[in-house]
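Read through the structure below, which is laid out as C-alpha coordinates, and then see the notes.
Residue numbers (the numbering used here): 251 to 779.
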(Lines of atoms letter the chains of each structure in order from A and count residues from 1; the text may use other names and numbers.)
(Lines give C-alpha, C1' and ligand atoms only; values in the text may rest on other atoms or scores of the structure.)
Protein backbone atom coordinates (compact mmCIF):
# COMPACT_ATOMS: atom_id res chain seq x y z
CA UNK A 1 0.00 0.00 0.00
CA UNK A 2 1.33 3.42 -0.97
CA UNK A 3 1.84 5.63 2.08
CA UNK A 4 0.23 9.04 2.18
CA UNK A 5 1.81 12.26 3.32
CA UNK A 6 0.59 13.44 6.69
CA UNK A 7 -1.49 16.38 5.53
CA UNK A 8 -3.49 14.09 3.21
CA UNK A 9 -3.66 11.14 5.56
CA UNK A 10 -4.95 13.30 8.41
CA UNK A 11 -7.12 15.59 6.28
CA UNK A 12 -10.50 16.32 7.96
CA UNK A 13 -13.35 14.21 6.60
CA UNK A 14 -16.30 16.02 8.18
CA UNK A 15 -17.12 19.65 8.86
CA UNK A 16 -16.72 18.98 12.57
CA UNK A 17 -13.14 17.84 11.94
CA UNK A 18 -12.12 21.13 10.31
CA UNK A 19 -9.92 22.97 12.81
CA UNK A 20 -10.22 26.66 13.61
CA UNK A 21 -12.97 27.64 11.13
CA UNK A 22 -16.07 27.06 13.27
CA UNK A 23 -18.06 29.99 11.87
CA UNK A 24 -17.66 28.72 8.32
CA UNK A 25 -18.34 25.06 9.08
CA UNK A 26 -21.42 25.86 11.17
CA UNK A 27 -22.84 28.06 8.41
CA UNK A 28 -22.33 25.32 5.82
CA UNK A 29 -23.84 22.71 8.14
CA UNK A 30 -26.92 24.90 8.62
CA UNK A 31 -27.22 25.30 4.84
CA UNK A 32 -27.00 21.52 4.37
CA UNK A 33 -29.57 20.87 7.07
CA UNK A 34 -32.10 23.31 5.61
CA UNK A 35 -31.33 22.40 2.01
CA UNK A 36 -30.29 25.96 1.15
CA UNK A 37 -27.27 25.08 -0.94
CA UNK A 38 -25.81 27.87 -3.07
CA UNK A 39 -24.77 27.26 -6.66
CA UNK A 40 -21.40 29.00 -6.12
CA UNK A 41 -19.04 29.44 -3.17
CA UNK A 42 -15.85 31.44 -2.85
CA UNK A 43 -13.38 30.14 -0.25
CA UNK A 44 -10.56 32.62 0.32
CA UNK A 45 -7.71 32.77 2.78
CA UNK A 46 -4.03 31.92 3.37
CA UNK A 47 -2.55 28.59 2.36
CA UNK A 48 -3.04 25.60 4.60
CA UNK A 49 -6.18 26.90 6.33
CA UNK A 50 -8.60 24.22 5.07
CA UNK A 51 -10.15 25.68 1.93
CA UNK A 52 -9.75 22.64 -0.34
CA UNK A 53 -10.50 20.17 2.47
CA UNK A 54 -13.75 22.00 3.27
CA UNK A 55 -14.66 22.05 -0.44
CA UNK A 56 -14.27 18.25 -0.65
CA UNK A 57 -16.29 17.73 2.51
CA UNK A 58 -19.06 19.91 1.07
CA UNK A 59 -18.94 17.91 -2.18
CA UNK A 60 -19.37 14.69 -0.16
CA UNK A 61 -22.13 16.15 2.01
CA UNK A 62 -24.37 17.20 -0.89
CA UNK A 63 -23.89 13.85 -2.63
CA UNK A 64 -23.94 11.52 0.38
CA UNK A 65 -26.19 8.55 -0.39
CA UNK A 66 -27.13 8.01 3.24
CA UNK A 67 -27.88 11.59 4.19
CA UNK A 68 -27.37 14.59 1.89
CA UNK A 69 -28.66 16.99 4.54
CA UNK A 70 -25.83 17.25 7.03
CA UNK A 71 -22.42 15.74 7.62
CA UNK A 72 -21.26 13.14 5.09
CA UNK A 73 -21.38 9.55 6.31
CA UNK A 74 -17.99 8.68 4.77
CA UNK A 75 -19.12 5.08 4.40
CA UNK A 76 -21.33 5.07 1.29
CA UNK A 77 -19.86 4.40 -2.14
CA UNK A 78 -20.13 8.04 -3.19
CA UNK A 79 -18.43 9.43 -0.04
CA UNK A 80 -15.60 6.94 -0.39
CA UNK A 81 -15.16 7.71 -4.11
CA UNK A 82 -14.89 11.42 -3.39
CA UNK A 83 -12.48 10.84 -0.50
CA UNK A 84 -10.25 8.72 -2.71
CA UNK A 85 -10.39 11.23 -5.58
CA UNK A 86 -12.04 8.91 -8.12
CA UNK A 87 -15.55 10.37 -8.29
CA UNK A 88 -16.31 11.43 -11.85
CA UNK A 89 -18.77 14.11 -10.78
CA UNK A 90 -16.37 15.98 -8.49
CA UNK A 91 -13.93 17.79 -10.76
CA UNK A 92 -10.93 19.58 -9.30
CA UNK A 93 -9.26 22.13 -11.56
CA UNK A 94 -5.98 23.92 -10.91
CA UNK A 95 -6.51 27.38 -12.35
CA UNK A 96 -2.76 28.01 -12.27
CA UNK A 97 -2.25 25.47 -15.08
CA UNK A 98 -5.62 25.97 -16.81
CA UNK A 99 -5.63 29.71 -17.25
CA UNK A 100 -6.78 30.13 -20.82
CA UNK A 101 -10.23 31.05 -22.05
CA UNK A 102 -10.28 27.80 -24.03
CA UNK A 103 -10.00 25.80 -20.80
CA UNK A 104 -13.07 27.57 -19.43
CA UNK A 105 -14.98 27.09 -22.68
CA UNK A 106 -14.43 23.34 -22.41
CA UNK A 107 -15.66 23.52 -18.81
CA UNK A 108 -18.78 25.41 -19.89
CA UNK A 109 -19.60 22.71 -22.42
CA UNK A 110 -19.22 19.89 -19.88
CA UNK A 111 -21.25 21.73 -17.24
CA UNK A 112 -24.45 21.12 -19.19
CA UNK A 113 -24.11 17.32 -18.99
CA UNK A 114 -25.98 15.68 -16.13
CA UNK A 115 -23.99 13.98 -13.36
CA UNK A 116 -22.98 10.37 -13.97
CA UNK A 117 -23.76 8.98 -10.51
CA UNK A 118 -23.90 11.81 -8.01
CA UNK A 119 -26.74 14.15 -7.15
CA UNK A 120 -24.64 17.22 -7.96
CA UNK A 121 -21.72 17.82 -10.26
CA UNK A 122 -19.22 19.80 -8.15
CA UNK A 123 -16.43 21.87 -9.70
CA UNK A 124 -13.63 22.82 -7.32
CA UNK A 125 -11.44 25.46 -8.96
CA UNK A 126 -8.29 26.08 -6.95
CA UNK A 127 -6.28 29.34 -7.15
CA UNK A 128 -9.03 30.83 -9.29
CA UNK A 129 -7.29 34.22 -9.24
CA UNK A 130 -4.77 32.79 -11.72
CA UNK A 131 -7.32 32.75 -14.54
CA UNK A 132 -6.70 35.23 -17.34
CA UNK A 133 -9.16 38.11 -17.70
CA UNK A 134 -10.83 36.48 -20.69
CA UNK A 135 -11.09 33.16 -18.88
CA UNK A 136 -12.51 34.86 -15.79
CA UNK A 137 -15.14 36.62 -17.90
CA UNK A 138 -16.02 33.33 -19.56
CA UNK A 139 -16.45 31.71 -16.15
CA UNK A 140 -18.64 34.63 -15.09
CA UNK A 141 -21.20 33.76 -17.74
CA UNK A 142 -21.48 30.24 -16.38
CA UNK A 143 -21.81 31.48 -12.81
CA UNK A 144 -24.66 33.78 -13.77
CA UNK A 145 -27.06 30.98 -14.73
CA UNK A 146 -25.57 27.57 -13.92
CA UNK A 147 -27.57 24.37 -14.40
CA UNK A 148 -29.43 23.21 -11.28
CA UNK A 149 -27.23 20.11 -10.95
CA UNK A 150 -23.93 22.08 -10.75
CA UNK A 151 -22.15 23.61 -7.73
CA UNK A 152 -19.02 25.71 -8.11
CA UNK A 153 -16.53 26.05 -5.27
CA UNK A 154 -13.81 28.59 -6.04
CA UNK A 155 -10.72 28.76 -3.83
CA UNK A 156 -8.06 31.48 -3.74
CA UNK A 157 -5.25 32.83 -1.61
CA UNK A 158 -5.48 36.26 -3.27
CA UNK A 159 -9.08 37.36 -3.20
CA UNK A 160 -8.21 40.92 -4.19
CA UNK A 161 -7.41 39.62 -7.69
CA UNK A 162 -10.89 38.16 -8.20
CA UNK A 163 -13.29 40.09 -10.41
CA UNK A 164 -15.93 41.87 -8.36
CA UNK A 165 -18.59 40.51 -10.69
CA UNK A 166 -17.51 36.94 -9.87
CA UNK A 167 -17.48 37.61 -6.13
CA UNK A 168 -20.98 39.07 -6.30
CA UNK A 169 -22.30 35.76 -7.64
CA UNK A 170 -20.74 33.62 -4.91
CA UNK A 171 -21.24 33.09 -1.23
CA UNK A 172 -17.93 34.21 0.21
CA UNK A 173 -16.21 32.55 3.17
CA UNK A 174 -12.98 33.91 4.59
CA UNK A 175 -10.68 31.30 6.12
CA UNK A 176 -8.30 32.60 8.77
CA UNK A 177 -4.80 31.56 9.76
CA UNK A 178 -4.68 28.92 12.46
CA UNK A 179 -3.62 29.98 15.92
CA UNK A 180 -0.64 28.26 17.49
CA UNK A 181 -2.92 26.53 19.99
CA UNK A 182 -4.96 24.92 17.21
CA UNK A 183 -1.87 23.80 15.32
CA UNK A 184 -0.30 22.41 18.49
CA UNK A 185 -3.46 20.46 19.28
CA UNK A 186 -3.56 19.01 15.77
CA UNK A 187 0.14 18.10 15.90
CA UNK A 188 -0.50 16.32 19.19
CA UNK A 189 -3.35 14.34 17.63
CA UNK A 190 -1.24 13.31 14.64
CA UNK A 191 1.72 12.40 16.84
CA UNK A 192 -0.51 10.17 18.96
CA UNK A 193 -1.88 8.50 15.86
CA UNK A 194 1.55 7.99 14.30
CA UNK A 195 3.33 6.91 17.49
CA UNK A 196 5.63 9.95 17.51
CA UNK A 197 7.12 11.16 20.78
CA UNK A 198 7.58 14.91 20.48
CA UNK A 199 8.21 17.19 23.44
CA UNK A 200 6.06 20.25 24.07
CA UNK A 201 8.76 22.84 23.30
CA UNK A 202 9.50 21.21 19.94
CA UNK A 203 5.80 21.11 19.11
CA UNK A 204 5.35 24.79 19.94
CA UNK A 205 8.31 25.71 17.74
CA UNK A 206 6.86 23.75 14.80
CA UNK A 207 3.50 25.46 15.34
CA UNK A 208 5.13 28.91 15.46
CA UNK A 209 7.23 28.31 12.34
CA UNK A 210 4.15 27.24 10.34
CA UNK A 211 2.84 30.86 10.49
CA UNK A 212 -0.79 29.78 10.58
CA UNK A 213 -0.66 27.02 7.94
CA UNK A 214 -1.74 23.57 9.17
CA UNK A 215 -0.38 21.95 6.04
CA UNK A 216 3.06 23.50 6.56
CA UNK A 217 3.08 22.26 10.15
CA UNK A 218 2.22 18.69 9.16
CA UNK A 219 4.75 18.73 6.33
CA UNK A 220 7.45 19.83 8.76
CA UNK A 221 6.42 17.12 11.22
CA UNK A 222 6.74 14.51 8.49
CA UNK A 223 10.14 15.86 7.47
CA UNK A 224 11.32 15.59 11.06
CA UNK A 225 10.13 12.01 11.44
CA UNK A 226 11.73 11.01 8.15
CA UNK A 227 15.13 12.18 9.38
CA UNK A 228 15.01 11.68 13.14
CA UNK A 229 12.47 8.89 13.56
CA UNK A 230 9.80 8.85 16.25
CA UNK A 231 11.80 10.72 18.94
CA UNK A 232 11.82 14.45 18.27
CA UNK A 233 13.14 17.15 20.59
CA UNK A 234 13.66 20.89 20.45
CA UNK A 235 17.22 20.64 19.11
CA UNK A 236 16.11 18.50 16.17
CA UNK A 237 13.45 21.06 15.23
CA UNK A 238 15.92 23.93 15.56
CA UNK A 239 18.43 22.13 13.34
CA UNK A 240 15.80 21.38 10.68
CA UNK A 241 14.54 24.97 10.63
CA UNK A 242 18.06 26.38 10.64
CA UNK A 243 17.35 28.14 13.93
CA UNK A 244 20.55 28.62 15.83
CA UNK A 245 19.18 29.49 19.23
CA UNK A 246 22.38 31.50 19.29
CA UNK A 247 22.85 33.73 22.33
CA UNK A 248 24.24 36.42 20.03
CA UNK A 249 20.67 37.30 19.06
CA UNK A 250 20.10 38.44 22.66
CA UNK A 251 23.59 39.92 22.70
CA UNK A 252 22.91 42.10 19.64
CA UNK A 253 19.52 43.16 21.01
CA UNK A 254 21.33 44.25 24.18
CA UNK A 255 23.82 46.31 22.18
CA UNK A 256 20.92 48.00 20.35
CA UNK A 257 19.22 48.88 23.61
CA UNK A 258 22.45 50.11 25.19
CA UNK A 259 23.50 52.07 22.10
CA UNK A 260 26.80 50.22 21.78
CA UNK A 261 27.54 50.46 18.06
CA UNK A 262 31.10 49.06 18.00
CA UNK A 263 30.10 45.99 20.00
CA UNK A 264 27.02 45.50 17.80
CA UNK A 265 29.11 45.61 14.63
CA UNK A 266 31.53 43.09 16.11
CA UNK A 267 28.65 40.75 16.95
CA UNK A 268 27.29 40.90 13.39
CA UNK A 269 30.68 40.20 11.88
CA UNK A 270 31.39 37.38 14.34
CA UNK A 271 28.12 35.77 13.31
CA UNK A 272 29.12 36.11 9.66
CA UNK A 273 32.63 34.79 10.27
CA UNK A 274 31.17 31.70 11.96
CA UNK A 275 29.29 30.91 8.76
CA UNK A 276 25.80 31.37 10.19
CA UNK A 277 22.81 32.01 7.93
CA UNK A 278 22.43 35.80 8.10
CA UNK A 279 18.80 35.74 6.98
CA UNK A 280 17.89 33.30 9.71
CA UNK A 281 19.88 35.29 12.26
CA UNK A 282 17.94 38.39 11.23
CA UNK A 283 14.61 36.55 11.52
CA UNK A 284 15.50 35.46 15.05
CA UNK A 285 16.58 38.99 15.93
CA UNK A 286 13.29 40.45 14.67
CA UNK A 287 11.36 37.88 16.68
CA UNK A 288 13.35 38.77 19.80
CA UNK A 289 12.84 42.52 19.22
CA UNK A 290 9.13 41.82 18.83
CA UNK A 291 9.20 40.10 22.21
CA UNK A 292 10.93 43.16 23.69
CA UNK A 293 8.17 45.29 22.19
CA UNK A 294 5.51 43.14 23.87
CA UNK A 295 7.43 43.20 27.15
CA UNK A 296 7.76 47.00 26.99
CA UNK A 297 4.00 47.40 26.45
CA UNK A 298 3.13 45.06 29.36
CA UNK A 299 1.91 42.35 26.98
CA UNK A 300 4.34 39.75 28.27
CA UNK A 301 1.60 37.11 28.43
CA UNK A 302 1.64 37.12 24.60
CA UNK A 303 5.30 36.05 24.49
CA UNK A 304 5.82 32.35 23.89
CA UNK A 305 8.76 31.91 26.28
CA UNK A 306 9.56 30.75 29.78
CA UNK A 307 8.91 32.91 32.85
CA UNK A 308 12.64 33.54 33.32
CA UNK A 309 13.12 34.55 29.68
CA UNK A 310 10.17 36.95 29.84
CA UNK A 311 11.60 38.52 33.00
CA UNK A 312 14.95 38.95 31.22
CA UNK A 313 13.22 40.63 28.29
CA UNK A 314 11.31 43.00 30.57
CA UNK A 315 14.52 44.00 32.33
CA UNK A 316 16.19 44.76 28.99
CA UNK A 317 13.16 46.61 27.62
CA UNK A 318 13.05 48.82 30.70
CA UNK A 319 16.49 50.20 29.80
CA UNK A 320 15.23 51.96 26.71
CA UNK A 321 12.20 53.69 25.22
CA UNK A 322 9.33 52.20 23.28
CA UNK A 323 10.26 54.41 20.30
CA UNK A 324 13.72 52.87 20.02
CA UNK A 325 12.38 49.30 20.19
CA UNK A 326 9.76 50.06 17.56
CA UNK A 327 12.35 51.66 15.30
CA UNK A 328 14.79 48.77 15.61
CA UNK A 329 12.06 46.20 15.01
CA UNK A 330 10.90 48.06 11.92
CA UNK A 331 14.40 48.52 10.49
CA UNK A 332 15.47 44.91 10.85
CA UNK A 333 12.01 43.64 9.92
CA UNK A 334 12.12 45.52 6.62
CA UNK A 335 15.25 43.65 5.55
CA UNK A 336 13.30 40.44 4.93
CA UNK A 337 14.77 38.49 2.03
CA UNK A 338 16.12 41.52 0.20
CA UNK A 339 19.77 40.93 1.03
CA UNK A 340 22.03 38.09 0.01
CA UNK A 341 23.31 35.73 2.66
CA UNK A 342 26.93 36.76 2.22
CA UNK A 343 26.82 40.47 2.97
CA UNK A 344 26.65 41.94 6.45
CA UNK A 345 26.03 45.47 5.12
CA UNK A 346 22.21 45.50 5.42
CA UNK A 347 22.43 44.30 9.01
CA UNK A 348 25.15 46.85 9.79
CA UNK A 349 23.16 49.72 8.28
CA UNK A 350 20.01 48.70 10.14
CA UNK A 351 22.04 48.57 13.34
CA UNK A 352 23.53 52.02 12.77
CA UNK A 353 20.19 53.56 11.84
CA UNK A 354 18.45 52.03 14.83
CA UNK A 355 20.94 53.75 17.14
CA UNK A 356 21.89 57.06 15.58
CA UNK A 357 18.66 58.45 14.17
CA UNK A 358 16.54 58.28 17.29
CA UNK A 359 18.17 61.42 18.70
CA UNK A 360 18.30 59.78 22.12
CA UNK A 361 21.89 58.66 22.58
CA UNK A 362 25.09 58.15 20.64
CA UNK A 363 27.13 54.94 20.87
CA UNK A 364 30.16 54.57 23.09
CA UNK A 365 33.32 52.96 21.78
CA UNK A 366 34.36 50.31 24.31
CA UNK A 367 38.04 50.79 23.48
CA UNK A 368 38.24 54.55 23.96
CA UNK A 369 35.29 55.22 26.22
CA UNK A 370 34.26 58.19 24.01
CA UNK A 371 31.15 58.84 21.99
CA UNK A 372 31.08 60.05 18.42
CA UNK A 373 30.50 63.52 19.89
CA UNK A 374 34.31 63.76 19.94
CA UNK A 375 34.06 64.51 16.24
CA UNK A 376 31.70 67.38 17.02
CA UNK A 377 34.03 68.65 19.70
CA UNK A 378 36.99 68.97 17.36
CA UNK A 379 35.01 71.26 15.04
CA UNK A 380 34.65 73.90 17.73
CA UNK A 381 30.86 73.49 17.84
CA UNK A 382 30.98 71.65 21.18
CA UNK A 383 32.65 72.41 24.51
CA UNK A 384 36.40 72.05 24.23
CA UNK A 385 36.74 70.11 27.49
CA UNK A 386 35.78 66.45 27.50
CA UNK A 387 37.25 63.64 29.52
CA UNK A 388 36.65 59.92 29.47
CA UNK A 389 33.35 59.22 31.16
CA UNK A 390 32.10 62.82 31.01
CA UNK A 391 28.75 63.82 29.62
CA UNK A 392 28.34 63.96 25.87
CA UNK A 393 28.62 67.50 24.47
CA UNK A 394 25.60 68.99 22.75
CA UNK A 395 26.35 70.79 19.47
CA UNK A 396 23.84 73.32 18.33
CA UNK A 397 21.47 72.25 15.54
CA UNK A 398 22.05 73.96 12.22
CA UNK A 399 19.40 74.70 9.64
CA UNK A 400 19.60 74.24 5.90
CA UNK A 401 19.90 78.00 5.38
CA UNK A 402 23.03 78.09 7.51
CA UNK A 403 24.71 75.75 5.06
CA UNK A 404 24.53 78.19 2.19
CA UNK A 405 27.80 79.30 0.71
CA UNK A 406 29.12 82.78 1.55
CA UNK A 407 28.21 85.51 -0.90
CA UNK A 408 28.32 89.29 -1.15
CA UNK A 409 25.37 89.55 1.23
CA UNK A 410 26.26 86.51 3.33
CA UNK A 411 29.49 86.44 5.34
CA UNK A 412 31.22 83.28 6.42
CA UNK A 413 29.02 82.26 9.34
CA UNK A 414 27.97 79.05 10.93
CA UNK A 415 24.95 78.81 13.24
CA UNK A 416 24.83 82.62 13.27
CA UNK A 417 28.34 82.94 14.71
CA UNK A 418 31.07 84.61 12.58
CA UNK A 419 33.95 82.21 11.95
CA UNK A 420 37.22 82.30 10.11
CA UNK A 421 36.97 79.73 7.37
CA UNK A 422 40.22 79.46 5.49
CA UNK A 423 39.34 76.93 2.78
CA UNK A 424 36.73 74.67 1.30
CA UNK A 425 38.05 71.71 3.24
CA UNK A 426 37.42 73.62 6.45
CA UNK A 427 33.85 74.37 5.41
CA UNK A 428 33.39 70.74 4.43
CA UNK A 429 34.86 69.56 7.73
CA UNK A 430 32.79 71.94 9.86
CA UNK A 431 29.55 71.15 8.06
CA UNK A 432 30.19 67.44 7.48
CA UNK A 433 27.13 66.04 9.24
CA UNK A 434 24.86 68.57 7.60
CA UNK A 435 26.39 67.95 4.18
CA UNK A 436 24.97 64.45 4.42
CA UNK A 437 21.73 65.50 6.10
CA UNK A 438 20.91 67.97 3.34
CA UNK A 439 22.07 65.81 0.43
CA UNK A 440 19.75 65.56 -2.60
CA UNK A 441 16.55 63.70 -1.74
CA UNK A 442 17.21 60.81 -4.16
CA UNK A 443 20.49 60.07 -2.36
CA UNK A 444 19.19 60.22 1.21
CA UNK A 445 18.05 56.58 1.41
CA UNK A 446 21.06 55.01 -0.27
CA UNK A 447 23.41 52.68 1.64
CA UNK A 448 26.24 55.14 1.09
CA UNK A 449 24.31 57.96 2.77
CA UNK A 450 23.51 55.73 5.73
CA UNK A 451 27.19 54.83 6.14
CA UNK A 452 28.37 58.45 5.89
CA UNK A 453 25.68 59.54 8.31
CA UNK A 454 26.76 57.09 10.97
CA UNK A 455 30.34 55.95 10.43
CA UNK A 456 33.40 57.52 12.12
CA UNK A 457 34.55 59.39 9.03
CA UNK A 458 35.79 62.91 8.30
CA UNK A 459 37.14 64.88 5.33
CA UNK A 460 40.83 65.73 5.79
CA UNK A 461 41.91 67.22 2.47
CA UNK A 462 40.65 68.68 -0.80
CA UNK A 463 43.10 69.07 -3.66
CA UNK A 464 42.44 69.11 -7.40
CA UNK A 465 38.79 68.24 -6.77
CA UNK A 466 39.82 65.07 -4.91
CA UNK A 467 38.33 64.80 -1.42
CA UNK A 468 40.18 62.54 0.99
CA UNK A 469 38.02 60.88 3.67
CA UNK A 470 39.59 59.33 6.77
CA UNK A 471 37.85 56.36 8.42
CA UNK A 472 38.40 54.93 11.89
CA UNK A 473 36.82 51.63 10.86
CA UNK A 474 38.12 49.31 8.16
CA UNK A 475 34.63 47.85 7.73
CA UNK A 476 33.05 51.19 6.78
CA UNK A 477 36.00 52.21 4.62
CA UNK A 478 35.67 49.06 2.52
CA UNK A 479 31.91 49.52 2.22
CA UNK A 480 32.25 53.07 0.90
CA UNK A 481 34.98 51.98 -1.54
CA UNK A 482 32.57 49.76 -3.48
CA UNK A 483 31.89 51.30 -6.87
CA UNK A 484 28.23 52.23 -6.31
CA UNK A 485 28.75 53.68 -2.82
CA UNK A 486 31.79 55.65 -3.97
CA UNK A 487 29.83 57.25 -6.81
CA UNK A 488 26.99 58.23 -4.48
CA UNK A 489 29.47 59.70 -1.99
CA UNK A 490 31.00 61.81 -4.76
CA UNK A 491 27.55 63.10 -5.72
CA UNK A 492 26.69 64.00 -2.11
CA UNK A 493 29.91 65.94 -1.57
CA UNK A 494 29.74 67.44 -5.05
CA UNK A 495 26.25 68.80 -4.30
CA UNK A 496 27.70 70.74 -1.36
CA UNK A 497 30.76 71.97 -3.24
CA UNK A 498 28.74 72.94 -6.26
CA UNK A 499 30.89 70.93 -8.66
CA UNK A 500 31.86 67.36 -9.38
CA UNK A 501 34.60 65.74 -7.35
CA UNK A 502 36.34 62.45 -6.69
CA UNK A 503 36.66 60.67 -3.35
CA UNK A 504 39.61 58.75 -1.91
CA UNK A 505 39.51 56.85 1.39
CA UNK A 506 42.19 56.24 3.99
CA UNK A 507 42.21 54.41 7.33
CA UNK A 508 43.16 56.12 10.61
CA UNK A 509 42.20 53.65 13.32
CA UNK A 510 43.54 55.62 16.29
CA UNK A 511 41.87 58.91 15.41
CA UNK A 512 39.37 58.91 18.28
CA UNK A 513 42.11 58.49 20.85
CA UNK A 514 44.25 61.23 19.26
CA UNK A 515 41.38 63.70 19.06
CA UNK A 516 40.28 62.96 22.61
CA UNK A 517 43.78 63.68 23.90
CA UNK A 518 43.84 66.97 22.00
CA UNK A 519 40.76 68.23 23.80
CA UNK A 520 41.84 67.29 27.30
CA UNK A 521 41.09 63.59 27.82
CA UNK A 522 43.51 61.48 29.80
CA UNK A 523 44.58 57.86 29.38
CA UNK A 524 44.10 56.12 32.71
CA UNK A 525 45.18 52.60 31.72
CA UNK A 526 46.48 50.64 28.75
CA UNK A 527 45.67 46.99 28.11
CA UNK A 528 48.45 44.81 26.74
CA UNK A 529 47.50 42.82 23.63
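For glycine and all other residues, C-beta sits at the position ideal for the given N, C-alpha and C.
Distance CB(residue 268)-CB(residue 300) smaller than 8 Å: yes
Got a sec: does the ligand FAD put a non-hydrogen atom nearer than 7 Å to the Cβ of residue 739? Inclusion of the ligand FAD in the displayed structure is not the case, the ligand content being empty and no account of it being possible.
Span of the alpha helix (DSSP H), counted from its first residue to its last, around residue 466: 464-478
Over the uninterrupted beta strand (DSSP E) stretch that includes residue 425, give me the two end residues. That residue, residue 425, is in no beta strand (DSSP E); it is neither H nor E in DSSP.
What is the DSSP secondary structure of residue 696, reduced to helix, strand or coil? coil
Would you call the CB atoms of residue 385 and residue 340 closer than 8 Å? no
Who pairs with residue 406 in a beta bridge, going by DSSP? 294
Within 10 Å of its beta-carbon, does residue 321 have 16 or more other beta-carbons around it, so buried, or fewer, so exposed? buried
Consult DSSP for residue 378 and reduce its assignment to one of helix, strand or coil. helix
Can you round the beta-carbon distance between residue 307 and residue 262 to whole angstroms, since I take them to be within the 8 Å contact cut? 7 Å
So is residue 304 buried or exposed if we call it buried at 16+ other beta carbons inside 10 Å? buried
Using the three-state DSSP reduction, which class does residue 363 fall into: helix, strand or coil? coil
From the DSSP secondary-structure annotation, give me the bridge partner or partners of residue 447. 481
Kindly indicate which three-state DSSP category residue 704 falls into: helix, strand or coil? helix
CB-CB under 6 Å to residue 659, same chain, minus the five flanking residues each way: which ones, in chain order? Its pLDDT being 43, under 50, residue 659 is placed unreliably by the model, and the measurement read from it follows with that caveat. Within the same chain, residue 659 has no close Cβ partners at all.
Can you have a look at residue 743 and say buried or exposed, based on whether 16 or more other CB atoms are within 10 angstroms of its CB? buried
Mark residue 700 as exposed unless 16 or more other C-beta atoms lie within 10 angstroms of its C-beta, in which case mark it buried. buried
CB-CB under 7 Å to residue 198, same chain, minus the five flanking residues each way: which ones, in chain order? The structure shown does not extend to residue 198, since the chain is modelled only from 251 through 779, so no value can be given for it.
Hey, residue 311 and residue 282: beta-carbon distance below 8 Å or not? yes
Nearest-angstrom Cα distance between residue 474 and residue 544? 31 Å
Using 8 Å as the cut-off, can you tell me whether the stretch 423-432 makes contact with the stretch 383-402, which would need three or more C-beta pairs spanning the two stretches below that distance? no
With three or more beta-carbon pairs closer than 8 Å as the criterion, would you say the stretch 498-505 touches the stretch 461-473? no
Can you grab the Cα-Cα spacing for the pair residue 686 / residue 720, in whole Å? 16 Å
So does the stretch 439-456 actually touch the stretch 409-423, counting three or more Cβ pairs closer than 8 Å? no
Could you spell out the range, first to last residue, of the alpha helix (DSSP H) harbouring residue 272? 272-284
Secondary structure of residue 720, DSSP reduced to three states: strand
What does the alpha-carbon distance come out to for the pair residue 521 and residue 528? 8 Å
What does residue 712 pair with, by DSSP beta-bridge criteria? 717
DSSP state of residue 355 mapped onto helix, strand, coil: helix
Here's the rule I'm using: 16 or more other beta-carbon atoms within 10 Å means buried, otherwise exposed. How should residue 865 be labelled? Residue numbering for the chain in the displayed model covers 251 to 779; residue 865 lies beyond these limits and cannot be assessed.
Using the beta-carbon count (16 or more within 10 Å), is residue 450 buried or exposed? exposed
Based on Cα-Cα distance, which residue from 511, 420 and 748 lies nearest to residue 603? 511
Taking the alpha-carbon positions, what's the residue 484 to residue 296 distance? 27 Å
Cut-off 6 Å between Cβ atoms - residues of its own chain near residue 644, not counting five sequence neighbours on either side: Note that residue 644 scores a pLDDT of 39, beneath 50, so its modelled location is shaky and nothing firm can be said.
Can you tell me the Cβ-Cβ gap for residue 402 and residue 290, rounded? I've got them flagged as a contact below 8 Å. 4 Å
For residue 257, which option in 288, 298, 408 and 274 has the closest C-alpha, if you only look at C-alpha atoms? 298
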